[in-house]
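Q: Just dropping this structure here.
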Ligand code: CA2
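Residue numbers (this note's numbering): 143 to 288.
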């Protein structure tokens, strides 16, 4: 079974507890369940992780190397700051989808640039948690027949 690693960065553990106008009412556990179900429907296995630590996010990307067919990543605030995460993603040869729950192109200036976008094969933003479902669809479309 092909594996997708779904990696989530800092503060996303707070989903559903604060700022529902931006991030909605569902929790990170709801999101994880949605992703597992969607991936299984498509006969993929999802490994879902969330961390507040940049170094653990880099470690998780490295763990995906050789194990995952694709990475779906919402690096949260590290998207805008982390060359270390970009470097790690550049070492991964599979398909990469970047997801943002909010539309970062319509928020503060400092959110408009993403290092992750420099490596991502596809970027989804502004669709709420459904963005993760669309990202799984995109991965399936891209790699199912490879
Ligand atoms: O829109 C996204 O998915 C972001 O990656 C979310 C990050 C933000 O820094 C990016 O610019 C855009 C923030 C994640 C914080 O998530 C929270 C969720 C609920 C309550 C508080 C924070």
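Ideal Cβ positions, reconstructed from N, Cα and C, are used throughout, including at glycine.
Only a predicted model underlies this, so the values are computations on that prediction, with no experimental measurement involved.
(1) DSSP three-state call for residue 178: helix, strand or coil?
(2) Would you check whether the ligand CA2 has a heavy atom nearer than 7 Å to the C-beta of residue 260?
(3) Note down the Cα distance separating residue 269 from residue 277, rounded to an integer number of angstroms.
(4) Quick test of the definition: if touching needs 3 or more C-beta pairs under 8 Å, does the stretch 202 to 213 touch the stretch 153 to 172?
(5) Rounding to the nearest angstrom, what Cα-Cα distance links residue 146 and residue 187 in this structure?
(6) Would you call the stretch 149 to 157 and the stretch 188 to 206 in contact, with 3 or more CB pairs under 8 Å?
A: The structure says:
(1) helix
(2) no
(3) 11 Å
(4) no
(5) 6 Å
(6) yes
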